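Position 201 (the sequence shown) corresponds to 201 in the UniProt record's numbering; numbering is contiguous.
All C-beta atoms in this analysis are idealised placements derived from N, C-alpha and C, irrespective of residue type, glycine included.
Bear in mind the structure is a predicted one, so any value in this text is a computation, not a measurement.
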Amino acid sequence: MIHSPTIMWFREDFRISDNLALHEAERRGQPVLCIAVLDDDRLPGAAARWWLHGAIRSLDESLHKKGGALHVFRGPTLKVLAAIVQATGAGAVFWNRRYDPQGRKTDTAVETMLNAKGITVRSFSGALLHEPWTVRTRSCQPYKIFTAFWRAARALPPAIFLHPAPEKLVFARLSPALDHLTVKDMRYGLRPAHPDWAAGLHETWTPGEESARDRLAAFLQYDLARYAAERDFPAKDRTSRLSPFLRFGHLSPGRIWDAAMRGAYAEKFLTELGWREFAWSVLYSTPDIATRNLRPEFDAMPWRDSPGELAAWQQGRTGYPLVDAGMRELWHTGWMHNRVRMVVASFLVKHLLIDWREGERWFADTLVDHDPASNPMNWQWSAGTGVDAAPYFRIMNPLLQSRTFDPGGDYIRRWVPELAHLPADAIHAPWISGRPDNYPAPIVDHRMARERALKAWKTI
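The following block contains the structure:
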């Protein structure tokens, strides 16, 4: 019998359970060649690249337990796929869909190329509860208000595919003709070497499907019941921390949805999944969301060019303890508590009057859970420039936020150790009580900054 292997192309779905494309590739009845392609033109930011390395290694280990491997290639996507198809005689290529602009463009080009060669191409839903073109208004327009979007989405059945990992996969062998394109040393060139700044990421995270399932189970057992009441308090650590696992497809949103719906207290948490769905719907209809103000009046905003203040914000040296704690948590772990993300974003855009796109780019490079939909939409929400955004005049007071959501100062002590000796009534405003010499004075006065921001806003 002549075999025409099925290529299973993993991209942002590094799991073998609940994977519709892999399930259908197996059902095709031909040997399966599992691949990933590292295309330098579409690699994520530095922290997400660190996670991608772990995602690839973890999936490769899972496939080894089934008797196969994940074959990793490096090079331009079209060139690599064409070479693999030619060398293996593959009859089909399967994948789970991507929805970011570059991913869609690449996938369309690949599909066109493969169809011209007579190769079967099949794509599947695996990253969202609803395809981004399916939740629309009665006039078939994308929603611009989250509450209306989520109400419409909840009225539709979610696309949930729950299926265990294949019991037995028949794997295709890799042709020696592809040796020049494969990555064989398992290093992938995705993690830092000299210097290795990722020690905190290693301490904090273990990428992979097994770790994702453990994290989901722990959250549902210990934290979900108190999520709605305590999720805004960073020292309590009641958030799910599932975002990077979801970003790289170790868990499907359908798996999370199904597991959460089996218990109580889930509604507020599920709304956060809804916000993610909304972000992807917005990105699908507005591909330039990371670079363009969705409210065009903000094109006239007199943003300030202040490299020194931008660097102080990036390094967690603003003199505002809650802001600095968040930025240092980000640098150390590649992640930041959601309430603190809002505070640091508001501080950059409104206290420093620095363009939100600077913050978006910094987060894109430093977040392990960065995705091209949620990150820019959340920045535009904070800046008041996007759809369903917080009004620009809503300026978070970092001192008030600190006293409200970290009243005992425990989160600040964890990430700003030079303030750890201060009592709770002094830690939020150390410039009043006598700050230590190794901690900076505030780089901007809150009242002055607020008045400056509002004055700038009124000019547009």
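| query | Straight-line CA distance for A453 to H351? | reply | Here residue 453 refers to the residue found at position 453 when the sequence shown is read from its first residue. Here residue 351 refers to the residue found at position 351 when the sequence shown is read from its first residue. One C-alpha to the other measures close to 7 Å.
| query | For the beta strand (DSSP E) that contains L33, what are its first and last residues? | reply | The residue you call residue 33 lines up with position 33 of the sequence shown. It spans 32-38 - the beta strand (DSSP E) in which L33 sits, taken as one unbroken run.
| Can you tell me where the alpha helix (DSSP H) with T385 in it begins and where it stops? | Along the sequence shown, read from residue 1 onward, the residue named residue 385 stands at position 385. Here T385 belongs to no alpha helix (DSSP H), and DSSP marks it neither H nor E.
| Sorted by chain position, which residues of the same chain lie with C-beta nearer than 6 Å to R42's C-beta, five sequence neighbours on each side aside? | Your numbering for residue 42 matches position 42 in the sequence shown. Counting only Cβ-Cβ distances below 6 Å, and skipping sequence neighbours, we find Q102.
| field | Nearest residue (CA-CA) to E297, options W9, G409, T385, A152 | value | As a position in the sequence shown, residue 297 is number 297, starting the count at 1. Ranking the options by Cα distance to E297, first place goes to T385.
| said: What does the Cβ neighbour count give for F14, buried or exposed, with the cut at 16 atoms within 10 Å? | reply: Mapped onto the sequence shown, residue 14 falls at position 14. Buried.
| query | Relative to the C-alpha of A153, which residue among L169, P164, V135, I145 is closest? | reply | For the purposes of this step, residue 153 is taken as the residue at position 153 of the sequence shown. Ranking the options by Cα distance to A153, first place goes to V135.
| query | How about the region 52-60 and the region 195-209: do they share at least three Cβ pairs that are nearer than 8 Å? | reply | yes
| Proximal residues to R255 (C-beta, below 6 Å), its chain only, five neighbours per side dropped | Here residue 255 corresponds to residue number 255 of the sequence shown, with the count starting at 1. So the list reads D18, once near-sequence residues are dropped.
| What residues in its chain sit with their C-beta under 7 Å from that of W457, if we drop five residues either side in the sequence? | On the sequence shown, residue 457 is found 457 positions in, with the first residue counted as 1. Within the same chain, W457 has close Cβ partners Y392, F393.
| query | Using DSSP with H/G/I as helix, E/B as strand and the rest coil, what is W95? | reply | For the purposes of this step, residue 95 is identified with residue 95 of the sequence shown, where counting begins at 1. The answer is strand: DSSP assigns W95 an E or B state.
| message | For a test of the three-state rule: what should DSSP assign to F248, helix, strand or coil? | response | Mapped onto the sequence shown, residue 248 falls at position 248. Here F248 sits in coil by DSSP.
| query | Start and end of the beta strand (DSSP E) containing R403? | reply | Looking up residue 403 in the sequence shown gives position 403. No beta strand (DSSP E) contains R403, which is instead part of the alpha helix (DSSP H) from 398-405.
| request: Return the chain-ordered ranges of every beta strand (DSSP E) run that is complete within the region 109-134 and spans a minimum of 3 residues. | output: 120-124
| said: Short of 8 Å in beta carbon distance, which residues of its chain neighbour P76, apart from the five on each side in sequence? Order them along the chain. | reply: Residue mapping note: residue 76 aligns to position 76 of the sequence shown, counting from 1. Closer than 8 Å at the Cβ level, and outside the excluded window around P76, lie D39, D41.
| Can you give the Cα-Cα distance for M1 and E24, rounded to whole angstroms? | For the purposes of this step, residue 1 is taken as residue 1 along the sequence shown, with counting starting at 1. For the purposes of this step, residue 24 is taken as residue 24 along the sequence shown, with counting starting at 1. In this prediction, M1 has a pLDDT of 43, which is less than 50 and means its spatial position is unreliable; what the coordinates show is noted afterwards. Between M1 and E24, the C-alpha separation is close to 21 Å.
| message | Let me check understanding here. Comparing Cα to Cα, which of H428, T404, L400 lies closest to R413? | response | For this step, residue 413 is matched to residue 413 along the sequence shown. Residue H428 is the option with its Cα nearest to R413.
| request: Tell whether a beta-carbon distance below 8 Å holds between P234 and Y411. | output: Taking the sequence shown and counting its residues from 1, one reaches residue 234 at position 234. Taking the sequence shown and counting its residues from 1, one reaches residue 411 at position 411. Yes.
| So, helix, strand or coil for W280, using DSSP? | Here residue 280 refers to the residue found at position 280 when the sequence shown is read from its first residue. Looking at W280 - three-state DSSP - the assignment turns out to be helix.
| From this set, A217, A198, S374, T106, which residue's C-alpha is nearest W50's C-alpha? | As a position in the sequence shown, residue 50 is number 50, starting the count at 1. For W50, the nearest C-alpha among the options comes from A198.
| field | The alpha helix (DSSP H) enclosing R447, as first and last residue numbers | value | Position 447 of the sequence shown holds residue 447. Taken as a continuous stretch (DSSP letters only), the alpha helix (DSSP H) holding R447 covers 446-458.
| field | W9 burial status per 10 Å Cβ neighbour count (16 or more: buried) | value | The sequence position of residue 9 within the sequence shown is 9, counting from 1. Buried, by the Cβ-count rule.
| Measuring CB to CB, does H250 end up less than 8 Å from E277? | In the sequence shown, the residue the question calls residue 250 occupies position 250. In the sequence shown, the residue the question calls residue 277 occupies position 277. Result no, Cβ atoms of H250 and E277 do not sit closer than 8 Å.
| query | So, is M186 buried or exposed, given that buried needs 16 or more other C-beta atoms within 10 angstroms? | reply | Within the sequence shown, numbered from 1, the residue matching residue 186 stands at position 186. The residue is exposed, with fewer than 16 neighbouring Cβ atoms inside 10 Å.
| Is T291 helix, strand or coil when you go by DSSP? | On the sequence shown, residue 291 is found 291 positions in, with the first residue counted as 1. Reduced to three states, the DSSP call for T291 is coil.
| message | Taking the alpha helix (DSSP H) that I7 belongs to, which residues open and close that run? | response | Stepping through the sequence shown from its first residue, residue 7 is reached at position 7. Note, I7: premise wrong, no alpha helix (DSSP H); beta strand (DSSP E) at 6-9.
| Do you know how far the Cα of R74 is from the Cα of V80? | Counted from its first residue, the sequence shown places residue 80 at position 80. Counted from its first residue, the sequence shown places residue 74 at position 74. Cα to Cα, V80 sits roughly 8 Å from R74.
| Exposure label - G408; buried when at least 16 CB within 10 Å | For the purposes of this step, residue 408 is taken as residue 408 along the sequence shown, with counting starting at 1. Exposed, because fewer than 16 other Cβ atoms sit within 10 Å of the Cβ of G408.
| task | Name, in chain order, the residues that DSSP records as bridge partners for F171. | result | In the sequence shown, the residue the question calls residue 171 occupies position 171. The partner list for F171 (beta bridge, DSSP) reads V32.
| query | How do the region 209-220 and the region 257-267 stand: do at least 3 beta-carbon pairs fall below 8 Å, yes or no? | reply | yes
| field | Of the residues P192, P166, V282, the one placed nearest S62, counting alpha carbons only | value | The residue labelled residue 62 in the question sits at position 62 within the sequence shown. When each option's Cα is compared against that of S62, the closest is P166.
| Segment contact, 8 Å Cβ cut-off, at least three pairs: the region 353-361 with the region 430-439 | no
| said: Looking at L294: is its Cβ nearer than 8 Å to the Cβ of V387? | reply: Indexing the sequence shown from 1 puts residue 294 at position 294. Indexing the sequence shown from 1 puts residue 387 at position 387. In this structure, V387 lies closer than 8 Å to L294 by Cβ.
| query | My guess is that A345 and G45 are in contact by the Cβ rule of under 8 Å, so how many angstroms apart are they, rounded? | reply | Translated into positions along the sequence shown, residue 345 becomes position 345. Translated into positions along the sequence shown, residue 45 becomes position 45. Actually they are not in contact, since the Cβ atoms of A345 and G45 sit about 17 Å apart, beyond 8 Å.
| query | When DSSP labels each residue in this structure, what does H23 get in the three-state scheme? | reply | Along the sequence shown, read from residue 1 onward, the residue named residue 23 stands at position 23. In this structure, H23 counts as helix in the three-state DSSP scheme.
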